[in-house]
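The structure under discussion appears below in the form of structure tokens.
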Amino acid sequence: MSAAARHNVTFSGVPHGPVIVFAHGFGCDQRMWRHVAPRFADRFRVLTFDNMGAGGADPAGYDPVRHDSLDGYAEDVVQLCGELGVHDAVFVGHSVSSMIGALATIKAPGMFSRLVMVSPSARFIDEGDYVGGFTEPDIAELLDSLDSNYLGWSGAMAPVIMGNPDRPELGEELAASFCRTDPAVARQFARVTFLADNRADLSEVSVPTLVLQCSDDAIAPVAVGEYVRDALQDSTYVLLEATGHCPNLSAPEATVAAIDAFLAGKLVLSQ
Amino acid sequence: MNGEGAVTGFRAALLEDDAEQLYDRAPCGYLSTTPDGMVVKVNQTFLTLTGYRREDLVGRRTFVQLLSPGGRIYHETHYGPMLRGEGKAAAIALEMVRADGSRLPVLVNAVLERDSGGAPIVVRAAVFDATDRRSYERELVRARLQAEESEARASTLVRTLQTVLIPPEPPIIDGLDVAAAYRPAHTGQEVGGDFYDYFQTATGDWVFVIGDVCGKGAEAAVVTALVRHSLRVVALRPHQLQEALGTLNEVLLRHSERFATVALLYLRPGPARWRAMLSCAGHPLPLLLRPGQPPAFIGAASSLVGAMTDPSFTETDLALLPGDTVLLYTDGVTEARKGREFYGDDRLAAAAERYDGGATTLVRGLLHDVVEFQAGDPRDDIALLGVRVKDSLEHPGV
Chain A
461 MSAAARHNVT FSGVPHGPVI VFAHGFGCDQ RMWRHVAPRF ADRFRVLTFD NMGAGGADPA
521 GYDPVRHDSL DGYAEDVVQL CGELGVHDAV FVGHSVSSMI GALATIKAPG MFSRLVMVSP
581 SARFIDEGDY VGGFTEPDIA ELLDSLDSNY LGWSGAMAPV IMGNPDRPEL GEELAASFCR
641 TDPAVARQFA RVTFLADNRA DLSEVSVPTL VLQCSDDAIA PVAVGEYVRD ALQDSTYVLL
701 EATGHCPNLS APEATVAAID AFLAGKLVLS Q
Chain B
13 MNGEGAVTGF RAALLEDDAE QLYDRAPCGY LSTTPDGMVV KVNQTFLTLT GYRREDLVGR
73 RTFVQLLSPG GRIYHETHYG PMLRGEGKAA AIALEMVRAD GSRLPVLVNA VLERDSGGAP
133 IVVRAAVFDA TDRRSYEREL VRARLQAEES EARASTLVRT LQTVLIPPEP PIIDGLDVAA
193 AYRPAHTGQE VGGDFYDYFQ TATGDWVFVI GDVCGKGAEA AVVTALVRHS LRVVALRPHQ
253 LQEALGTLNE VLLRHSERFA TVALLYLRPG PARWRAMLSC AGHPLPLLLR PGQPPAFIGA
313 ASSLVGAMTD PSFTETDLAL LPGDTVLLYT DGVTEARKGR EFYGDDRLAA AAERYDGGAT
373 TLVRGLLHDV VEFQAGDPRD DIALLGVRVK DSLEHPGV
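If you're matching them up, the sequences are chains A and B in order. With the numbering used here applied, the first sequence corresponds to residues 461 to 731, in that order. With the numbering used here applied, the second sequence corresponds to residues 13 to 410, in that order.
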């Protein structure tokens, strides 16, 4: 199976246009970009995909060893985009995927020429002077929340995740399932995401990077966005007047406008 | 109160129950927020559950700010996107932080109202106290973790037992090239009855054993260990294959209700050839690969061990020349099935000829072939043991 099939890749937009890749964060799948990605289809080749273990990605592609660190996810990105011959592309990552994208730019120079980090965090857990917004017990509590929410669901919903065509009555549930993942996978991804520390990686990112920060984000507070901005070699920082961690859903207009402005300033179209 | 009185009383109560009371005194907390989460309206039940005053919340706190830190992440990564995407979220388990800092486990149902243009206006949430339910769920989580741990322990036990039954690395023997392979049935969650072994007698003969104890699991493993270790004792004396098998038969009859098949191969080095003595107790006949000749099954079939009080065993004596290979295997090879089709002797002979390029190549190639034949999911254990007499030019022990 190709990496594109494994990752449930969706293409749209201009066939030979410059490539823009949208990567979703922890919790949901590529549909997180449904209000944003189509807005780039008039001038880009738009590529959205599901991280391994999420959404419509091939369950067999999830490897508890490979996917025990963000490096594994970054290798997935490099493998996927390498297979598709992507170069000089724009990588737009939400939340943890902005770090996955950062790692991918380091691993595969030339593959991405610009990086957009939407609501990034270099590390979620406070350490010394660094304010991540959470303590270790907080993260333990999150893992507990995941367990609680999957308890009632895991058995009953499993057929939906497997895509059972014999039970159309589950169709509606399926529509609501995009934020639901195999519990074991969700648990490991939560651990990988919220225990990650990518502070040291940021200084190695050499491509121009846009940091999009929401003014009222309960997961990645403003101090974290500023930290990311300062740690990067070449960053542009935009503070959105928006509540929450997902401006791609809650403030798609402002998100599109910010990415547009960033790319317009520096976008180089191949002649 | 008579029946008529009760009906009258119910009607009176119903009339009194105006919308305001239905809202404020509902059996669950109600909370309305702006699409961004700012609390705009809250009922008395919610205030009672959480200990906040109305003025602490309305216009001052967002829904997310009422959650535990872990719940906040869950809200932002799952519940919020679901609500925006689907317009509703049901039975979401969260923990709220009460006014006094204590935690309140809740289940939340929420809907997102939109105006005629599709723009979000308000989120309405019903909040249920889930304290009892949560402690029950914790029990379930604990039980599940225990189940997972005991499964992990069982797998470790299986692996450990298997290493007792299957020796790790073949010995390095001057003039011989030895390789072996073992593949448990299916996913390998159960100990199988296949085993093999190799050891040297006091007089310098090499003994190669392969066998299969009937049944699977821990009980079969106990018998497999008994057979393997008994053989190490009874087969120590040279030239006594039938006697060795007879003694093993006696041991099994006395100490177990299981029977086994065993193939016993002695190899004695000579100046230009190896002398081979072979005895097969109910076991599939080994295959001889000789350069320039078609593969041939060698030895003669005889009784199982541990089944009858008066078994008869046969012994075959032959000379092995440089380049000859003897392949010992279990019935997991020949009785491998694809639908109704067996892997069978002919397919084995043909495949062995194809992979005849040293013991390791042979054993690995055959194992791969048999597993592939069963679409990667063998229904029985597979054990293979190949012994090749090196060409005289080959360096001994390499």
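Using N, Cα and C, we set each Cβ at its ideal position, and we do this for glycine too. Because the structure is a prediction, the values reported are computed rather than measured.
Counting only the same chain and skipping the five closest in sequence on each side, list residues whose C-beta sits under 6 Å from that of residue i.
i, result
"residue 697(A)", "671, 689"
"residue 303(B)", "335"
"residue 526(A)", "532"
"residue 580(A)", "558, 688"
"residue 49(B)", "74, 75, 76"
"residue 551(A)", "481, 561, 572, 575"
"residue 693(A)", "666"
"residue 518(A)", "466"
"residue 564(A)", "534, 537, 538"
"residue 235(B)", "225, 268, 270"
What are the start and end residues of the alpha helix (DSSP H) that includes residue i?
i, result
"residue 238(B)", "229 to 246"
"residue 33(B)", "31 to 36"
"residue 92(B)", "92 to 98"
"residue 520(A)", "Unbroken run through residue 520(A): none, as it is neither H nor E."
"residue 541(A)", "530 to 543"
"residue 398(B)", "Premise fails: residue 398(B) lies in the beta strand (DSSP E), 394 to 401, not in any alpha helix (DSSP H)."
"residue 346(B)", "343 to 346"
"residue 263(B)", "253 to 267"
"residue 654(A)", "643 to 654"
From which residue to which residue does the beta strand (DSSP E) around residue i run?
i, result
"residue 174(B)", "Taken as a continuous stretch (DSSP letters only), residue 174(B) belongs to no beta strand (DSSP E), being part of the alpha helix (DSSP H) at 143 to 177."
"residue 281(B)", "272 to 281"
"residue 555(A)", "Element bounds for residue 555(A): n/a, residue is neither H nor E."
"residue 328(B)", "328 to 332"
"residue 122(B)", "115 to 126"
"residue 701(A)", "695 to 703"
"residue 377(B)", "Taken as a continuous stretch (DSSP letters only), residue 377(B) belongs to no beta strand (DSSP E), being part of the alpha helix (DSSP H) at 371 to 385."
"residue 317(B)", "It is not in any beta strand (DSSP E) - residue 317(B) carries neither H nor E in the DSSP assignment."
Excluding the 5 residues flanking residue i on each side, which residues of the same chain have their C-beta closer than 8 Å to its C-beta?
i, result
"residue 57(B)", "36, 37, 38, 39, 40, 41, 42"
"residue 311(B)", "275, 290, 291, 292, 297, 298, 326, 328"
Closest by CA to residue i, which one among the options?
i, options, result
"residue 582(A)", "596(A), 562(A), 597(A), 693(A)", "562(A)"
"residue 511(A)", "707(A), 496(A), 535(A), 502(A)", "535(A)"
"residue 295(B)", "227(B), 215(B), 221(B), 84(B)", "221(B)"
"residue 515(A)", "524(A), 484(A), 675(A)", "484(A)"
"residue 337(B)", "371(B), 324(B), 357(B)", "371(B)"
"residue 601(A)", "117(B), 402(B), 83(B)", "83(B)"
"residue 72(B)", "346(B), 51(B), 86(B), 381(B)", "51(B)"
"residue 68(B)", "216(B), 207(B), 110(B)", "110(B)"
"residue 133(B)", "47(B), 218(B), 164(B), 160(B)", "47(B)"
"residue 7(B)", "85(B), 402(B), 355(B)", "Outside the displayed span of chain B (13 to 410) sits residue 7(B), for which this structure offers no information."
"residue 323(B)", "182(B), 258(B), 249(B)", "258(B)"
"residue 145(B)", "165(B), 117(B), 88(B)", "117(B)"
"residue 89(B)", "719(A), 705(A), 725(A)", "705(A)"
"residue 313(B)", "106(B), 321(B), 297(B)", "297(B)"
"residue 682(A)", "593(A), 507(A), 554(A), 488(A)", "593(A)"
"residue 489(A)", "703(A), 529(A), 469(A), 479(A)", "469(A)"
"residue 330(B)", "54(B), 289(B), 382(B)", "289(B)"
"residue 346(B)", "386(B), 232(B), 281(B)", "386(B)"
Using a Cβ-Cβ cut-off of 7 Å (strictly less than) and excluding sequence neighbours within five positions of residue i, which residues of its own chain qualify?
i, result
"residue 32(B)", "none"
"residue 650(A)", "486, 602, 603, 606"
"residue 645(A)", "513, 522"
"residue 501(A)", "472, 473"
"residue 204(B)", "196, 197, 228, 393"
"residue 711(A)", "700, 702"
Under a CB-based cut-off of 9 Å, is residue i close to chain C?
i, result
"residue 470(A)", "The chain labelled as chain C is not found among the protein chains of the depicted structure, namely A and B."
Practice prompt. May I ask you to verify whether the region 259 to 277 of chain B touches the region 311 to 327 of chain B, counting CB pairs closer than 8 Å and requiring at least 3?
Written response: Yes: the two stretches touch, three or more of their Cβ pairs being nearer than 8 Å.
Worksheet entry | Validate contact between the region 367 to 378 of chain B and the region 271 to 278 of chain B using beta carbons, cut 8 Å, 3 pairs | Contact fails: fewer than three Cβ-Cβ distances are below 8 Å.
Practice prompt. Scan the region 87 to 113 of chain B for residues whose Cβ lies nearer than 9 Å to a Cβ of chain A and list them as they occur along the chain.
Written response: So the list reads 87, 88, 89, 90, 91, 92, 93, 94, 96, 97, 98, 100, 101, 102, 103, 104, 105, 106, 107, given in the order they occur along the chain.
Practice prompt. Using a Cβ-Cβ cut-off of less than 9 Å, give me the residues of the region 584 to 600 of chain A that come near chain B, in sequence order.
Written response: Hits within the stretch, in order: 584, 593, 594, 595, 597, 598, 599, 600.
Worksheet item: Pairing CB atoms from the region 355 to 371 of chain B with CB atoms from the region 384 to 400 of chain B, are three or more of them under 8 Å?
Response: Contact between the region 355 to 371 of chain B and the region 384 to 400 of chain B is present: three or more C-beta pairs spanning the two stretches fall below 8 Å.
Practice prompt. Return the residues of the region 121 to 145 of chain B that lie within a Cβ-Cβ distance of less than 8 Å from chain A, sorted by chain order.
Written response: Answer in chain order: no residues at all.
Worksheet item: Do the region 45 to 65 of chain B and the region 151 to 158 of chain B meet, that is, are 3 or more Cβ pairs less than 8 Å apart?
Response: They do not touch, by the three-pair rule.
Discussion item. Which residues of the region 35 to 49 of chain B have a Cβ closer than 7 Å to any Cβ of chain A? Give them in chain order.
Written reply: Those would be 48, 49, in chain order.
Worksheet item: Any residues in the region 66 to 87 of chain B with a beta carbon nearer than 9 Å to a beta carbon of chain A? Which ones, in chain order?
Response: Against chain A - using a Cβ distance shorter than 9 Å - the residues of the region 66 to 87 of chain B are 74, 76, 77, 79, 80, 81, 82, 83, 84, 85, 86, 87.
Worksheet item: Going along the region 143 to 177 of chain B in order, which residues come within less than 8 Å of chain A, judged by CB to CB distance?
Response: Residues 146, 149, 152, 153.
Item to complete: Would you list, in chain order, the members of the region 666 to 690 of chain A that have their beta-carbon closer than 7 Å to a beta-carbon of chain B?
Response: Residues 678, 679.
Worksheet entry | contact_flag[the region 90 to 103 of chain B, the region 121 to 130 of chain B] where n(CB pairs < 8 Å) is 3 or more | Yes, the region 90 to 103 of chain B touches the region 121 to 130 of chain B.
Worksheet entry | Members of the region 697 to 708 of chain A near chain B, C-beta cut-off 7 Å | For the region 697 to 708 of chain A, which is checked against every Cβ of chain B, the residues closer than 7 Å are 703, 704, 705, 706.
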